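J.: So the sequence shown is numbered by my numbering: it starts at 84 and just counts up by one. We put the CB at the ideal spot given by N, CA and C, even for glycine. This structure is a prediction, so every number in the text was calculated from the model and none was measured. Below you'll find the structure I mean.
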Amino acid sequence: MALNNHSLDEKAKNTRPMVYITRKESFSASHRLHSAKLSEEENRSIFGKCNNKNGHGHNYTVKVTVCGPADPITGMVMNLTDLKKHMESVLQPLDHKNLDMDVAFFADTCSTAENVAVYIWNNLSKLLPKGLLYEVKVNETGKNSARYRGERVS
Ligand code: NI
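So, in structure tokens, the structure goes:
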């Protein structure tokens with residue numbers, strides 16, 4: 084026991100704890116799930132009521148998690164006021180918009196919760212200190228959500 088405590092102390096002396104902090108914001112938008120690469124019938128079959136021609140709306144909530152060592156002086160991974168400001172600047176162009184018609188990214192990319200998470204990640208990662216962004220979680224409804232951590236596959 085004493086040995087374990089000793090090695091833990093040694094480790095703590097040379098390292099800093101990595102901490103995850105999360106901020107939640109929200110926005111409201113309309114959209115339609117529809118792919119120009121699919122036929123009308125395929126779109127209806129795959130997307131169901133989300134393919135409704137005149138669209139539908141969601142109150143989205145977005146949880147952004149950043150990860151890093153807590154600063155020894157401030158005790159902060161990053162100032163949540165700055166994270167809030169950056170999230171607002173990324174989400175503001177989506178708020179009270181039709182995602183498919185008003186946001187260029189979704190002109191040829193299906194506005195699923197998955198792709199909304201990717202869009203937010205891509206834009207937020209440009210604003211945050213390098214390597215700090217850990218996860219973007221988008222809740223489209225109380226029941227459906229998508230998480231993106233910047234991972235890619237070929
Ligand atoms: Ni929808």
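(1) Is the closest heavy atom of the ligand NI to the C-beta of H117 under 8 angstroms?
(2) For L182, list the residues DSSP reports as bridge partners.
(3) With a threshold of 8 angstroms (Cβ to nearest heavy atom), would H141 be considered close to the ligand NI?
(4) Is any non-hydrogen atom of the ligand NI found closer than 8 angstroms to the C-beta of H179, if you look at the structure I gave you?
(5) Sorted by chain position, which residues of the same chain lie with C-beta nearer than 8 angstroms to G138's C-beta, five sequence neighbours on each side aside?
(6) For the candidate residues E171, F189 and G131, whose alpha-carbon lies nearest to that of V147?
(7) Are the beta-carbon atoms belonging to V160 and V102 less than 9 angstroms from one another?
(8) Check whether the Cβ atoms of P100 and A153 lie closer than 9 angstroms to each other.
(9) Report the three-state DSSP secondary structure of C150 (helix, strand or coil).
(10) Does the ligand NI have a heavy atom nearer than 8 angstroms to the CB of H114?
(11) Excluding the 5 residues preceding and the 5 following S118 in the sequence, name in chain order all residues of the same chain whose CB lies nearer than 6 angstroms to its CB.
(12) Within 8 angstroms: the Cβ of C133 and any heavy atom of the ligand NI?
(13) Considering just the uninterrupted stretch of the alpha helix (DSSP H) at L166, what are its terminal residues?
T.: For this structure:
(1) no
(2) According to DSSP, which records beta bridges pairwise, L182 is partnered with nothing at all.
(3) yes
(4) no
(5) S113, H114, R115, N181 and D183
(6) E171
(7) yes
(8) yes
(9) strand
(10) yes
(11) C193
(12) yes
(13) L163 to L174
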